[in-house]
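Numbering (full-length UniProt numbering), first residue to last: 1 to 162.
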C-alpha cells in the first residue's frame with residue numbers, strides 16, 4: 001500500500017505496512033477511535049469494538065494495511081483489499097488528539113493510491129450518524145451507494161471508467 005503518495009501527514013512521522021506483529025497498537029487504536037463512533041451512532045454493535053487479539057491478528061494478515069507512526073506511537077491506519085472490481089477501504093483511524101489536522105485525508109489518499117490498477121472504484125462505509133466521516137468522504141469525491149448493513153452509509157468513488 002506504499003509508494004505512490006508524496007509528503008508525510010505529520011512532520012517526522014513514518015509510514016509502513018502493518019503486520020500481525022502490530023496487533024497490540026492496532027487493537028488499542030481501533031478501540032480508542034471506535035468508542036467515539038459508538039457514541040455518535042448510539043450503538044456498540046461495531047466490530048472494531050469486539051474483535052479479539054486473534055481477530056485483529058487475522059485481518060492484519062488478510063488486508064493490506066498501513067500505519068502512520070511517530071516516535072513509536074501508532075497515529076493512524078487504513079486498510080484496503082480488492083473484492084471483485086472494487087478496492088475496499090476500511091478501518092481508517094486517527095488518534096483523537098490529531099483529528100482535524102489532515103491526517104485522515106492523508107490516510108484516505110494513501111489507501112486510494114494503493115488500489116489495484118484493475119479496480120474500477122473505491123468503496124467504503126461508515127456509521128450513518130458519523131457526519132464528520134461522511135463530510136470527509138464526500139469532499140474527497142465519494143458518493144452514496146446502496147448500503148447492505150443497517151445503520152451505515154456506503155460510499156464509492158470511481159477510479160476509472162470502462
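From the three backbone atoms N, C-alpha and C, an ideal C-beta is built for every residue, glycine too. Nothing here was measured: the structure is a model prediction, and the numbers come from that model.
Straight-line CA distance for residue i to residue j?
i	j	result
residue 17	residue 160	26 Å
residue 147	residue 98	29 Å
residue 1	residue 39	The pLDDT assigned to residue 1 is 47, lower than 50, so where the model puts this residue is not dependable; a value taken from the coordinates is nonetheless given after this. The alpha-carbon atoms of residue 1 and residue 39 are separated by roughly 31 Å.
residue 32	residue 96	8 Å
residue 5	residue 138	Any reading at residue 5 must be qualified, since the residue scores a pLDDT of 47, below 50, and its modelled position is unreliable; the value itself is stated next. Cα to Cα, residue 5 sits roughly 20 Å from residue 138.
residue 145	residue 127	14 Å
residue 41	residue 134	13 Å
residue 64	residue 110	11 Å
residue 101	residue 54	32 Å
residue 141	residue 107	15 Å
Give the secondary structure of residue i by DSSP, where H, G and I count as helix, E and B as strand, and everything else as coil.
i	result
residue 48	helix
residue 150	coil
residue 158	strand
residue 12	coil
residue 96	helix
residue 60	helix
residue 143	strand
residue 53	helix
residue 90	strand
residue 27	helix
residue 102	coil
residue 4	Low confidence applies to residue 4: its pLDDT is 44, below 50, so where it sits in the model is not reliable, and the reading given next is rough at best. It is coil, neither helix nor strand.
residue 138	helix
Taking C-beta to C-beta, are residue i and residue j nearer than 8 Å?
i	j	result
residue 76	residue 68	yes
residue 51	residue 130	no
Give me, in chain order, the residues of the same chain whose beta-carbon lies closer than 6 Å to that of residue i; leave out the 5 immediate sequence neighbours on both sides.
i	result
residue 3	Unreliable positioning characterises residue 3 in this predicted model, as indicated by a pLDDT of 43, which lies under 50. The coordinate reading is nonetheless provided below. If we look at residue 3 and ignore the five residues flanking it on each side, it has no Cβ neighbours.
Whole-angstrom Cβ separation of residue i and residue j, contact assumed at under 8 Å?
i	j	result
residue 123	residue 93	18 Å between Cβ atoms; not a contact.
residue 43	residue 151	6 Å
residue 34	residue 46	5 Å
residue 91	residue 79	5 Å
residue 15	residue 66	6 Å
Given residue i, which residues of its chain have a CB within under 7 Å of its CB, disregarding the five upstream and five downstream residues?
i	result
residue 112	122
residue 82	116, 119
residue 13	68, 69, 70, 75
Leaving out the 5 sequence neighbours to the left and right, which residues in its chain are closer than 8 Å to residue i when beta-carbon positions are compared?
i	result
residue 143	155, 156, 157
residue 86	119, 120, 121, 122, 123, 156
residue 56	23, 26, 27, 30
Quick one: does residue i have its CB under 8 Å from some CB of chain C?
i	result
residue 101	No chain C appears in the structure shown, which is made up of a single protein chain.
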